[in-house]
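Q:
Residue numbers (our numbering), protein chains in the order written: chain A, 8 to 452; chain B, 3 to 224.
1) Take residue 344 of chain A and list the residues in its own chain whose beta-carbon comes closer than 8 Å to its own, dropping the five residues that flank it on each side.
2) Could you spell out the range, first to last residue, of the alpha helix (DSSP H) harbouring residue 157 of chain B?
3) For residue 150 of chain A, is the classification buried or exposed, using 16 other Cβ atoms within 10 angstroms of its Cβ as the cut-off for buried?
4) Could you give the residue range of the alpha helix (DSSP H) that holds residue 176 of chain B?
5) Between residue 197 of chain B and chain A, is there a C-beta pair that is closer than 8 Å?
6) Under a three-way DSSP split, which group does residue 417 of chain A fall into?
7) By the criterion of Cβ-Cβ separation under 8 Å, what are the contact partners of residue 118 of chain A in chain B?
8) Rounded to whole angstroms, how far is the Cβ of residue 418 of chain A from the Cβ of residue 386 of chain A, which I believe are closer than 8 Å?
9) Leaving out five residues on either side along the sequence, give the residues of the same chain with a beta carbon under 6 Å from the beta carbon of residue 332 of chain A.
10) For a cutoff of 8 Å on Cβ pairs, would you count residue 157 of chain B as touching chain A?
11) For residue 58 of chain A, would you say it is in contact with chain B, using Cβ-to-Cβ distances shorter than 8 Å as the test?
12) Are the CB atoms of residue 178 of chain A and residue 167 of chain A nearer to each other than 8 Å?
13) Note down the Cα distance separating residue 372 of chain A from residue 257 of chain A, rounded to an integer number of angstroms.
14) With distances taken from CA atoms, which of A/137, A/287 and A/175 is nearest residue 105 of chain A?
15) Return the chain-ordered list of same chain residues with a C-beta closer than 8 Å to the C-beta of residue 446 of chain A, the five sequence neighbours on each side being excluded.
16) For residue 144 of chain B, which residues in the same chain have their Cβ closer than 7 Å to its Cβ, ignoring the five residues on either side in sequence?
17) Go ahead and label residue 393 of chain A buried or exposed: buried means 16 or more other beta carbons lie within 10 angstroms of its beta carbon, across all protein chains shown.
18) When you compare the CB of residue 98 of chain B with every CB in chain A, is at least one pair closer than 8 Å?
19) Using a Cβ-Cβ cut-off of 8 Å (strictly less than) and excluding sequence neighbours within five positions of residue 205 of chain A, which residues of its own chain qualify?
20) Please report the residue range of the beta strand (DSSP E) in which residue 218 of chain A lies.
21) Specify the secondary structure class of residue 58 of chain B as computed by DSSP and reduced to three states.
22) Compare the C-beta of residue 371 of chain A with all C-beta atoms of chain B and state if any pair is closer than 8 Å.
23) Residue 93 of chain A and residue 66 of chain A: beta carbons closer than 8 Å?
24) Give me the Cα-Cα distance between residue 31 of chain B and residue 397 of chain A, rounded to the nearest whole angstrom.
25) List the DSSP bridge partners of residue 433 of chain A.
26) Which residues in chain B sit within 7 Å of residue 138 of chain A, going by Cβ to Cβ distance?
27) Given that residue 181 of chain B touches chain A, what residues does it touch there, using C-beta distances under 7 Å?
28) Determine which residues of the segment 116–146 of chain B have a Cβ less than 7 Å from any Cβ of chain A, and write them out in chain order.
29) Which partner residues does residue 33 of chain A have in the DSSP bridge list?
30) Any beta carbon from chain B within less than 8 Å of residue 68 of chain A's own beta carbon?
31) Could you check what DSSP says for residue 392 of chain A in three-state terms: helix, strand or coil?
32) Return the chain-ordered list of same chain residues with a C-beta closer than 6 Å to the C-beta of residue 125 of chain B, the five sequence neighbours on each side being excluded.
33) Could you name the residues of chain A that residue 105 of chain B contacts, counting a contact when the two beta carbons are closer than 8 Å?
34) If you pair each beta-carbon of the segment 278–298 of chain A with each one of the segment 241–251 of chain A, do three or more pairs fall below 8 Å?
35) Listed from N- to C-terminal order along the chain, which residues in the segment 69–81 of chain B have their beta-carbon within a distance smaller than 7 Å of any beta-carbon of chain A?
36) Among A/378, A/74 and A/82, whose alpha-carbon lies nearest the alpha-carbon of residue 6 of chain A?
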């Protein structure tokens with residue numbers, strides 16, 4: 008406790024106690040009581056009024072009481088109970104916190120603030136309470152949180168205690184026993200397909216290529232070569248002219264797609280306090296796209312461009328889908344709040360390049376609110392991994408600064424389009440399929 | 003950029019802060035084009051974030067940092083006792099009454115400064131009443147009630163800041179008010195007892211009593 012002391016040897020007011028540590032702060036709520044008492048006493052002597060002298064005695068008694076009391080000994084046991092520890096998104100979960108005075112003395116003024124995980128919203132009751140507890144007695148209170156995607160751990164409960172006079176406030180933090188985690192794994196819904204870029208594998212799939220072969224969409228007519236399948240010979244022409252010709256269709260191939268979610272701290276942006284952040288929307292969109300691409304026979308991988316650098320190599324199958332679902336729901340790389348870890352984008356980009364299969368194309372989910380991600384997208388595209396950017400728009404236009412940020416983002420979208428990348432500008436509240444449809448109108452091939 | 007050091011854990015969502023994002027984040031993309039800050043993992047100074055939103059059914063509940071109704075009611079009641087005791091003091095009751103109004107008004111707003119001014123009004127009322135010669139018993143009751151009113155009001159304000167109006171704080175407030183009333187009773191009883199013992203004696207005796215009390219207080223400080 009030697010570090011971070013204020014001028015009077017007091018811990019600074021914004022410092023929070025860690026479990027096992029106690030911070031004592033003077034509240035100074037009785038400051039001036041002695042001065043006021045002496046003023047009353049002096050007035051009494053001047054005017055010859057004994058009553059005012061007695062008033063001064065009462066005042067000094069309060070001042071002495073405030074000085075005499077020590078900070079209380081805080082020995083509390085806390086236990087937390089959740090009515091379920093695995094919840095669906097948006098489900099209400101009731102949290103009950105029970106506090107027991109395990110010490111020997113009365114706790115006259117005990118204030119508790121539960122460590123609700125950052126990503127959970129309190130929607131009913133209050134995670135805070137104040138009570139008074141005799142030794143051995145217990146009290147409990149409860150509140151309701153709305154579950155959100157992720158694996159959430161409750162922080163220690165902040166405990167603030169004051170004696171009767173309240174002259175000193177003692178702060179400590181206590182780990183609650185019982186339930187400390189809430190896991191919430193959304194289902195992966197099948198979303199609308201995203202038109203893919205023309206980089207394909209040798210497997211048959213749904214991406215229509217520019218090369219001729221078997222397929223459904225007409226591509227070209229060429230001279231007959233021995234060995235061409237009979238079904239593709241243009242028999243009408245053979246009947247008319249006696250020359251054989253072979254019809255070519257556009258080949259339909261499967262693609263390898265890596266869904267890359269921008270999870271850097273700069274991507275945790277939202278248009279207002281209650282709106283989901285861009286990362287939240289990106290993760291939801293990546294989940295939809297993952298299943299829809301798998302169902303059309305493409306090989307899909309998943310990666311995070313941010314601290315933790317999650318990587319799931321492209322694959323297919325039920326197990327692969329389950330792994331992606333678990334990762335998107337609970338992996339720390341996709342957490343609903345940013346991770347406090349250093350991230351070196353340059354290194355990470357190189358590592359990503361080594362990991363990407365040669366025939367992989369990239370779908371990047373990013374709010375495009377800084378210039379680095381634009382360079383990264385262009386670089387990946389230049390290395391031969393065609394990039395489609397799905398960009399959840401986190402900007403607002405209430406202030407001049409916000410309008411500027413919005414314009415800059417639109418400029419970044421244009422820059423990417425100019426160099427041939429596909430950009431889906433996805434405004435809040437819009438269905439992703441509709442945004443893809445709008446953006447797709449300007450794409451060719 | 004400072005990263006949400008003051009975020010009230012859990013009670014609010016990542017907020018909007020365009021530039022320099024202070025408290026609740028992740029904000030809107032900021033003016034600098036770097037976007038705004040991330041969601042801070044807030045260490046939580048209870049009460050630094052007094053946003054005041056009406057609760058909706060599914061809406062996120064935010065901290066309402068005003069004092070609870072219980073604390074306001076107790077402080078108002080005790081303050082009323084203080085003013086009522088000043089009633090025979092003529093002009094004193096006017097000063098005290100203004101103080102009481104400020105006290106209750108400050109509590110409803112959660113404004114500590116107005117609450118302090120209100121209590122100061124009550125105390126000035128006590129001084130005026132003493133100067134115009136209010137009976138000693140009433141004067142003592144008024145002074146003790148003013149002190150208790152301050153104690154209860156200040157606790158209500160700090161509970162509002164740290165715990166919020168929505169939480170259940172009645173038990174802590176009643177226990178605290180009872181303790182404060184006990185101290186006031188003991189102090190008044192002791193002072194009055196001494197006053198009756200030296201009744202008719204010189205004011206000097208009382209001044210010496212006050213001196214003794216101050217010496218006691220300074221010893222306790224050491």
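Quick reminder that beta carbons are idealized off the backbone N, C-alpha and C, glycines included. In this text the structure is predicted, and so the values were computed from the model without any measurement.
A: Quick answer:
1) Excluding sequence neighbours, residue 344 of chain A sits near 125, 126 and 275.
2) Its alpha helix (DSSP H) spans residues 138–164.
3) Answer is buried; the Cβ neighbour count reaches 16.
4) From DSSP, the alpha helix (DSSP H) with residue 176 of chain B extends over 172–199.
5) Yes, its Cβ sits closer than 8 Å to a Cβ of chain A.
6) The DSSP-derived three-state label of residue 417 of chain A is helix.
7) Per Cβ cutoff of 8 Å: 48, 161, 164, 165 and 174.
8) Contact doesn't hold; Cβ gap of about 19 Å is too wide.
9) Closer than 6 Å at the Cβ level, and outside the excluded window around residue 332 of chain A, lie 195.
10) Chain A, which has a Cβ nearer than 8 Å to the Cβ of residue 157 of chain B, makes this yes.
11) At a cut-off of 8 Å between C-beta atoms, residue 58 of chain A counts as an interface residue with respect to chain B.
12) Contact: yes.
13) For the pair residue 372 of chain A and residue 257 of chain A, the Cα-to-Cα distance works out to about 30 Å.
14) It is A/137.
15) Contacts found: 429, 430, 431 and 432.
16) Same-chain partners within the cutoff: 84, 87, 88, 128 and 131.
17) With at least 16 other beta carbons inside 10 angstroms of its own, residue 393 of chain A counts as buried.
18) No, no contact with chain A.
19) Within the same chain, residue 205 of chain A has close Cβ partners 214, 216, 217, 393 and 452.
20) Taken as a continuous stretch (DSSP letters only), the beta strand (DSSP E) holding residue 218 of chain A covers 211–230.
21) Caution is warranted here: a pLDDT of 37 is assigned to residue 58 of chain B, below 50, making its placement in the model unreliable, and the coordinate value is therefore given only provisionally. In the structure shown, residue 58 of chain B sits in coil (DSSP, three-state: anything other than H, G, I, E or B).
22) Closer than 8 Å: no.
23) Not closer than 8 Å, so no.
24) In this prediction, residue 31 of chain B has a pLDDT of 37, which is less than 50 and means its spatial position is unreliable; what the coordinates show is noted afterwards. So the two alpha carbons sit approximately 17 Å from each other.
25) Its beta-bridge partners are A/399.
26) Residues of chain B with a Cβ closer than 7 Å to the Cβ of residue 138 of chain A are, in chain order, 173 and 174.
27) For residue 181 of chain B, the residues of chain A that pass the 7 Å Cβ criterion are 115 and 171, in the order they occur in the chain.
28) Flagged, chain order: 125, 128, 129, 132, 133, 135, 136, 138, 141, 142, 145 and 146.
29) In the DSSP output, where bridge partners are listed per residue, residue 33 of chain A has A/175.
30) Put simply, the CB of residue 68 of chain A is near chain B, with a gap under 8 Å to one of its CB atoms.
31) Reduced to three states, the DSSP call for residue 392 of chain A is coil.
32) If we look at residue 125 of chain B and ignore the five residues flanking it on each side, its Cβ neighbours are 148.
33) Think of a sphere of 8 Å around the beta carbon of residue 105 of chain B: no beta carbon from chain A falls inside it, the nearest being about 15 Å out.
34) With the cut-off at 8 Å, the segment 278–298 of chain A and the segment 241–251 of chain A do not touch.
35) Near chain A, meaning a CB-to-CB distance below 7 Å, no residue of the segment 69–81 of chain B qualifies.
36) Because chain A here runs from 8 to 452, residue 6 of chain A falls outside it and cannot be looked at.
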